[in-house]
Ligand SMILES: [Ca+2]
Ligand SMILES: [Ca+2]
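Residue numbers (our numbering): 37 to 573.
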């Protein structure tokens with residue numbers, strides 16, 4: 037707790053007026069002092085106020101403080117305590133913050149030198165690091181575990197930076213910025229929270245080089261009238277649990293959101309959007325989801341540039357286009373199954389070219405796209421129907437190392453699954469005995485022992501019974517399940533760009549998973565709980 041006098045309860049003033057309390061009994065402190073705060077119970081109106089102390093004059097028994105614009109009236113006898121001075125620290129756990137030249141210094145009384153590495157806070161109802169109406173703040177280098185609400189919560193701020201922090205097992209959100217102008221969340225890790233990183237009512241925010249993983253619902257949220265948000269070089273992965281889990285969720289009137297060079301791996305859906313416009317997606321990798329990947333949902337997510345992204349292994353399709361004005365250029369769409377890459381039906385303002393489409397080497401008669409002319413499996417028919425994609429192709433993108441096929445468990449038949457036998461929603465014909473399969477992109481190769489209708493038997497068995505529609509990536513003969521979506525030397529993606537450049541997203545998935553977003557071999561973020569050794573897979 038914050039250091040205070042008295043240690044508990046209240047002192048009672050003899051006289052109290054604006055900016056001054058007199059209390060000859062208690063204010064005979066050892067030495068004059070300034071700084072710290074006074075907390076006053078203002079009996080007139082039964083309210084409370086906290087004000088910075090200007091001076092305490094022991095010989096007069098007086099404390100003077102600064103109520104600023106607070107117009108409430110103090111009365112003689114009002115109760116108060118003093119807090120937040122280093123000399124009032126008494127016991128382990130007590131702390132005080134003092135202004136120093138270039139910032140603030142936190143002084144905390146530790147039980148022993150060893151205990152300085154960790155500070156345990158009694159679990160309250162709130163957030164562990166909270167700021168309201170703050171500006172020019174940097175929160176850096178903290179590992180925050182188990183807040184009832186948020187790990188870091190900033191409400192109403194300007195120029196706020198949260199850098200290289202880790203937040204896990206927080207009840208609501210790992211890191212939350214609400215009503216922040218010019219905010220940066222950089223190099224942070226948010227795992228196993230309700231949601232990972234949340235931006236709302238904010239303008240001018242950058243989320244960069246963060247890792248949001250295994251959160252209960254969504255990984256990254258940009259919501260409620262947020263504007264001008266850049267999401268650059270992040271990894272949002274393994275959002276497969278409750279509600280409608282998405283690697284990214286946008287809703288409630290957001291605009292000017294740019295996603296560049298992100299890895300989105302294993303989600304219920306990848307990016308779910310509604311009431312959103314002026315969106316940019318450049319060089320992102322969308323890998324593995326149970327439903328659809330890039331969802332411009334509810335007829336009101338519109339006006340988007342979708343350029344040089346790689347889509348791989350969607351449960352249903354790579355995009356859902358429900359409104360208008362989508363510009364789709366130089367992307368790779370590989371479904372891993374015989375279903376469509378996406379549907380373009382009654383969509384005004386759809387433009388597309390120089391894209392590469394592929395289903396799976398195991399798909400015998402795949403469909404490619406649903407257009408106003410129907411569900412089409414012939415690529416020339418797609419081109420004729422949409423009048424787009426003149427220089428696009430249908431063919432194997434030849435990734436360096438990626439699944440050859442993909443399916444999802446049937447959520448209606450989960451109760452028929454055992455640890456060793458699972459039921460697919462569709463596409464069991466894409467699996468053969470001896471194939472190596474990976475569940476939920478967990479890094480473990482399992483061997484298909486038998487294929488019986490829509491059931492697969494696998495070895496080794498699953499560790500736990502499935503509770504949601506698990507993702508099943510088929511790696512064929514390969515025992516390695518390490519993703520590398522960069523094109524090989526013979527890939528058609530290499531020269532399909534407007535000036536002969538490579539199309540799709542060429543990011544290094546393995547480096548991203550290690551937190552190295554710029555490829556220099558050094559992690560660019562806080563360590564994950566696995567890397568810290570405080571949790572294991
Ligand atoms: Ca969601
Ligand atoms: Ca790096």
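Glycine included, each C-beta is placed from N, C-alpha and C at the ideal position.
None of these values were measured; they are calculated from a predicted model.
- Between residue 303 and the set 321, 199, 558, 180, the nearest pair of CA atoms involves 321.
- Listed in chain order, the non-local C-beta contacts of residue 40 below 7 Å within the same chain comprise 117, 118, 119, 124, local neighbours out to five positions each way being set aside.
- For the pair of segments examined, the stretch 543-563 was found not to touch the stretch 461-469: the number of CB pairs separated by less than 8 Å stays below three.
- Taking the Cβ of residue 361 as the reference point, every heavy atom of ligand 1 lies at 7 Å or farther away.
- Using a Cβ distance threshold of 8 Å, residue 395 and residue 358 do not count as a contacting pair.
- Approximately 5 Å separates the beta-carbon atoms of residue 298 and residue 270; this is inside 8 Å, confirming the contact.
- Not one heavy atom of ligand 1 is found less than 7 Å from the C-beta of residue 479.
- Here DSSP, grouped into helix, strand and coil, assigns residue 379 to strand.
- Within the stretch 270-338, the complete beta strand (DSSP E) runs of at least 3 residues fall at 271-275, 282-287, 290-296, 299-303, 305-309, 312-318, 321-325, 330-332.
- Shown here, residue 552 sits in coil according to DSSP, grouped into three states, outside any helix or strand.
- Distances from the CA of residue 494 to each of 468, 111, 255, 477 were compared; the closest alpha carbon is that of 468.
- Distance from residue 450 to residue 502 at the Cβ level is roughly 6 Å; contact confirmed, criterion being Cβ atoms closer than 8 Å.
- Judged by beta-carbon spacing, residue 530 lies beyond the 8 Å limit of residue 444, meaning their Cβ atoms are not closer than that value.
- Remark: C-beta atoms of residue 179 and residue 211 do not approach each other more closely than 8 Å.
- A distance criterion of 7 Å places the beta-carbon of residue 553 in contact range of ligand 2, judged by its closest non-hydrogen atom.
- For residue 568, the enclosing alpha helix (DSSP H) begins and ends at 565-568.
- Contact residues of ligand 1 (beta-carbon closer than 7 Å to any heavy atom; chain order) are 253, 254, 279, 280, 281, 282, 285, 308.
- Between residue 369 and residue 347, the C-beta spacing is below 8 Å.
- Residue range 415-422 is occupied by the alpha helix (DSSP H) that includes residue 422.
- As the crow flies, the alpha-carbon of residue 429 is around 7 Å from that of residue 390.
- Collapsing the DSSP output to three states places residue 447 in a helix.
- Residue pairing for residue 98: DSSP places it in a beta bridge opposite 58, 93.
- In this structure, residue 274 keeps its C-beta atom at 8 Å or more from the C-beta atom of residue 305.
- When beta bridges are read from the DSSP output, residue 410 appears opposite 407.
- Between residue 245 and residue 520, the C-beta spacing is not below 8 Å.
- With respect to residue 74, residue 99 sits close: the two C-beta atoms are nearer than 8 Å.
- Closest by C-alpha distance to residue 256, out of 230, 263, 167, 379, is 230.
- With contact defined as three or more Cβ pairs closer than 8 Å, the stretch 507-517 and the stretch 418-428 are not in contact.
- Here the alpha carbon of residue 563 sits roughly 27 Å from the alpha carbon of residue 238.
- In this structure, the C-beta of residue 528 stays at least 7 Å away from each heavy atom of ligand 2.
- Distance from the CA atom of residue 393 to the CA atom of residue 259, rounded to whole angstroms, is 32 Å.
- Taking the CA atoms as reference points, residue 572 sits about 48 Å from residue 410.
- When the beta-carbon positions are compared, residue 173 and residue 167 come within less than 8 Å of each other.
- Residue range 209-222 is occupied by the beta strand (DSSP E) that includes residue 212.
- For residue 552, the closest C-alpha among the options 219, 223, 80 is that of 223.
- For residue 467, no beta strand (DSSP E) segment is defined, and its DSSP state is neither H nor E.
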